[in-house]
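If you count the sequence shown from 1, position 10 lands on 771 in the working numbering, and the numbers rise without skipping.
Note that CB positions come from ideal geometry on N, CA and C, so glycine has one too.
Since the structure is predicted, the reported quantities are computational estimates derived from the model, not experimental observations.
Here is the structure we will look at.
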Amino acid sequence: QKVEKIIFNCVHCILINQKRGKKEGLLHPLQKEDTPLHTYHIDHLGHLESTNKNYKYALAIIDAFTKCVWIYPTKSTTSAEVIAKLEIQKAVFGSPFHIISDRGTAFTSGDFADYCAKEKIKHHAITTGLPRANGQIERIYQTIISVLSKLSLENPNKWYKFTNELQQTINSTYQRNIDTTPF
């Protein structure tokens with residue numbers, strides 16, 4: 762055991778011994794655009810407390826450049842609901858050029874692929890099992906869950922009523938990485 766510890770910590774042994782097993786791949790960072798509303802990070806949050814309006818999930822969209830967040834309560838995680846929410850976004854802001862998502866069924870469906878093709882949106886699905894590849898959305902989920910839980914403490918099945926307030930709060934909070942607020 763002592764010999765193993767010495768070998769394990771020996772600098773020469775570390776440098777000379779070959780690593781066994783699967784070789785680690787290289788990361789391919791996504792190019793960051795400096796244009797607002799160019800790239801959206803998008804994902805579902807939930808299964809949340811079911812509501813009287815049958816909302817069980819939240820769809821979050823983050824603009825990669827401004828860090829602006831939109832939160833939409835949804836009844837399911839279907840591509841039809843995602844497309845409906847993206848149509849709401851499009852009516853106000855136009856379509857993004859790029860969407861980054863996980864490989865959930867809503868984002869890998871033929872309907873979603875057709876929608877992206879029709880709107881000329883480049884869709885990038887992150888590697889399965891690597892949520893940090895879509896880190897912007899994963900980080901904001903921690904905030905959304907925490908704050909929605911606190912705001913709806915007395916009525917957990919009314920969490921959807923607080924999404925607009927939470928969205929406004931997030932979007933008016935100083936973001937250190939852009940040195941301002943999203944709005």
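Given this structure, state the Cα-to-Cα distance separating residue i from residue j, to the nearest angstrom.
| i | j | result |
| --- | --- | --- |
| I887 | I803 | 11 Å |
| E915 | L809 | 15 Å |
| K922 | E765 | 59 Å |
| Q928 | L909 | 10 Å |
| T800 | K763 | 53 Å |
| C829 | K793 | 15 Å |
| K853 | P797 | For the record, residue 853 in the displayed sequence is Val; it is not Lys. If you take the alpha carbons of V853 and P797, they lie about 13 Å apart. |
| Y833 | T839 | 13 Å |
| A874 | F868 | 8 Å |
| T930 | I906 | 14 Å |
| I860 | Y816 | 24 Å |
Could you check where the alpha helix (DSSP H) with residue i kicks off and where it finishes?
| i | result |
| --- | --- |
| I849 | 840-854 |
| K817 | Element bounds for K817: n/a, residue is neither H nor E. |
| A878 | 871-880 |
| L927 | 924-932 |
Let me make sure I understand the geometry here. Which of the options has the alpha-carbon closest to that of residue i?
| i | options | result |
| --- | --- | --- |
| N918 | H799, G807, N813 | N813 |
| R900 | I882, K817, A821 | A821 |
| T863 | I898, A878, T934, N938 | Here the sequence assigns Asp to residue 863, which means Thr is not the residue at that position. For the residues I898, A878, T934, N938, the minimum Cα distance to D863 belongs to I898. |
| E926 | S913, Q936, S870 | S913 |
On the criterion of 16 or more Cβ atoms from any shown chain inside 10 Å, does residue i qualify as buried, or is it exposed?
| i | result |
| --- | --- |
| A845 | exposed |
| D872 | exposed |
| V843 | buried |
| Q903 | exposed |
| D824 | buried |
| I849 | exposed |
| T924 | buried |
| T941 | exposed |
| A878 | exposed |
| Y935 | exposed |
Just to confirm the assignment, what range does the beta strand (DSSP E) spanning residue i have?
| i | result |
| --- | --- |
| A825 | A825 -> no beta strand (DSSP E), and no H or E assigned at all. |
| L806 | 800-807 |
| I832 | 830-835 |
| K883 | 883-886 |
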